[in-house]
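Visitor: Mind looking over this structure? Questions follow.
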Amino acid sequence: MEPLLDVRNLRTHFFSRAGVVRAVDGVSFSLDRGEILGLVGESGCGKSVSSLSVMRLVDRPGRIVSGEILFEGRDLLGLPKEEMRRLRGSRLAMIFQEPTSSMNPVFTTGSQITEAILVHERVSRKAARERVLRLMQLVGIPDPERRFRQFPHQFSGGMLQRMMVAMALACNPSVLIADEPVTALDVTIQAQILDLIKELRDRTGASVLLITHDMGVVAETCDRVAVMYLGKIVETAPLAPLFEAPKHPYTVGLFASIPRLEAPVEWLQPIPGTVPSPLDLPAGCLFRNRCPHVLPVCGMAEPPILEIAPGHHVACYLYEAGGRA
48 MEPLLDVRNL RTHFFSRAGV VRAVDGVSFS LDRGEILGLV GESGCGKSVS SLSVMRLVDR
108 PGRIVSGEIL FEGRDLLGLP KEEMRRLRGS RLAMIFQEPT SSMNPVFTTG SQITEAILVH
168 ERVSRKAARE RVLRLMQLVG IPDPERRFRQ FPHQFSGGML QRMMVAMALA CNPSVLIADE
228 PVTALDVTIQ AQILDLIKEL RDRTGASVLL ITHDMGVVAE TCDRVAVMYL GKIVETAPLA
288 PLFEAPKHPY TVGLFASIPR LEAPVEWLQP IPGTVPSPLD LPAGCLFRNR CPHVLPVCGM
348 AEPPILEIAP GHHVACYLYE AGGRA
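For the sequence shown, the residue numbers in our numbering are 48 to 372.
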């Protein structure tokens, strides 16, 4: 069975006077029906740009240079703007990372979500309004009747984030892209939102691309995980194998840097060095200047992506011979 969403060798670059920033540089991943894929990595590694590329929302000076984004077998990059606009918000929905700049300040929040439903579905305004009120209640908005009539500036950041979740779920999308959907929320509401996303998946068979820094959220929610570093995916694996035995040195470093309550302070192991400038990338493996297992070949060419176990792929020369060097 072909995946619902299949991203192949996607490249999105930003062109400036200082040079070309390859924010997404050859990224490939797929989403099966009903699957939740976690996309993790340090800030600036290209996670959000990847998601915006899928939605075709990259503005100048950025541009999708090459690749394919196949949704139900159709390449989204080849669709006319009007057809893409019809898919966006109905079949493809996104929870944006920054809620305070994602809503129009001159319209009430309830009317904006209602309008999103009316644009994509043939329902009455009354039915759309009732659906919005139910969604607001589901995402934990108190007194939804009153909040429906309020403007974005009357909401806190966390409350606006809940409204963004409600808007994304309004049309029961086939693919939901959630870019840090619970960052501004307290842990109780976080759990409710994540349960709501999983409920959407279970009820409709939707696929979810979940972008997050929180490995706890990944562990509780995702079926597979893709790890990004400097515009490239360096490791992809089902949830359990990745958490039990991460393979790429960068993934190992991410897990080692997670603080644990039972461990002494000295136990914390940050990843050495800093992320290179995107305008001055090292040759070969992009992680080699921070890697504790660097080999001579790492500086010569970009490592190939190898399947070291069923469904477990890693881009690292340590595994070229079929095992750790």
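All residues carry an ideal CB built from backbone N, CA and C; glycine is no exception. Note that the coordinates shown come from a computational prediction; the quantities given were computed from them, not determined experimentally.
In terms of residue numbering, what span does the beta strand (DSSP E) encompassing Arg172 cover?
Guide: For Arg172, there is no enclosing beta strand (DSSP E); the enclosing alpha helix (DSSP H) covers residues Arg172 to Leu185.
Visitor: By alpha-carbon positions, which one of Ile160, Ala356, Pro306 and Leu104 ends up nearest to Gln197?
Guide: Comparing alpha carbon positions, the residue from Ile160, Ala356, Pro306 and Leu104 closest to Gln197 is Ile160.
Visitor: If you draw a straight line from the C-alpha of Arg172 to the C-alpha of Gln208, how long is it?
Guide: 24 Å
Visitor: Taking the alpha-carbon of Ile116 as reference, which of Leu78, Glu82, Pro146 and Ser90 has the nearest alpha-carbon?
Guide: The candidate whose alpha carbon is nearest that of Ile116 is Leu78.
Visitor: Note down the Cα distance separating Thr259 from Val265, rounded to an integer number of angstroms.
Guide: 8 Å
Visitor: In chain order, what residues of the same chain have a beta carbon less than 8 Å from the beta carbon of Asp270, not counting five sequence neighbours either side?
Guide: If we look at Asp270 and ignore the five residues flanking it on each side, its Cβ neighbours are Glu82, Ile83, Leu84, Pro285 and Leu286.
Visitor: Thinking just about the alpha-carbon of each residue, which of Leu126, Leu216, Gly88 and Glu129 is nearest to the one in Arg248?
Guide: When each option's Cα is compared against that of Arg248, the closest is Leu216.
Visitor: Within a Cβ cutoff of 7 Å, which residues of the same chain sit near Asp53, ignoring the five residues on either side of it in sequence?
Guide: Ser77 and Leu117
Visitor: In this structure, does DSSP put Ala284 in helix, strand or coil?
Guide: strand
Visitor: Would you tell me roughly how many angstroms separate the C-alpha atoms of Ala175 and Ser137, rounded to the nearest one?
Guide: 14 Å
Visitor: Assign His200 to buried or exposed, taking buried as 16 or more other Cβ atoms, counted over all protein chains shown, within 10 Å of its Cβ.
Guide: Residue burial annotation: His200 is exposed, with fewer than 16 other C-beta atoms found within 10 angstroms of its C-beta.
Visitor: Which residue wins for smallest C-alpha separation from Met262, given the options Thr235, Pro306, Lys294 and Pro220?
Guide: For the residues Thr235, Pro306, Lys294 and Pro220, the minimum Cα distance to Met262 belongs to Pro306.
Visitor: From Gly331 to Val361, what distance separates their C-alpha atoms?
Guide: 15 Å
Visitor: What residue from Val170, Pro146 and Arg103 has the CA that sits closest to Leu126's CA?
Guide: Arg103
Visitor: Only counting the same chain, and skipping five residues up and downstream in sequence, which positions put a Cβ closer than 6 Å to that of Tyr366?
Guide: Leu353 and Ile355
Visitor: Mind checking whether the beta-carbon of Arg250 lies closer than 8 Å to any heavy atom of the ligand HEM?
Guide: Absence of the ligand HEM is noted for the structure shown, with no ligands found whatsoever.
Visitor: Please go through the same chain and pick out, in chain order, the residues whose beta-carbon is closer than 8 Å to the beta-carbon of Ala163, but skip the five residues on each side of it.
Guide: Gly136, Met214, Ala217 and Cys218
Visitor: Please state the DSSP three-state secondary structure of Leu328.
Guide: In the structure shown, Leu328 sits in coil (DSSP, three-state: anything other than H, G, I, E or B).
Visitor: With 16 as the cutoff for other CB atoms within 10 Å, does Ala65 come out buried or exposed?
Guide: exposed
Visitor: With DSSP collapsed to three states, give me the class of His167.
Guide: helix
Visitor: Taking only the alpha-carbon atoms, compute the straight-line gap between Asp190 and Arg121 and give it to the nearest angstrom.
Guide: 42 Å
Visitor: Short check: CB of Asp253 to CB of Pro220, under 9 Å?
Guide: What sits at residue 253 in the sequence shown is Ala, not Asp. Yes, the Cβ-Cβ distance between Ala253 and Pro220 is below 9 Å.
Visitor: Please classify Gly66: does DSSP put it in a helix, a strand, or coil?
Guide: It is a strand residue.
Visitor: Whole beta strand (DSSP E) runs in the stretch 203-276 with 3 or more residues, listed along the chain?
Guide: 222-226, 254-258 and 271-276
Visitor: Using a Cβ-Cβ cutoff of less than 6 Å, which residues in the same chain neighbour Gly369 once the five nearest sequence positions on both sides are dropped?
Guide: Low confidence applies to Gly369: its pLDDT is 49, below 50, so where it sits in the model is not reliable, and the reading given next is rough at best. Excluding residues within five positions, none has a Cβ falling inside 6 Å.
Visitor: Quick one: which unbroken beta strand (DSSP E) runs of 3-plus residues sit fully inside the stretch 118-149? Chain order, please.
Guide: 139-142
Visitor: DSSP three-state label for Leu86, please.
Guide: Strand at Leu86.
Visitor: Residue range of the beta strand (DSSP E) that Val361 falls in?
Guide: His359 to Ala362
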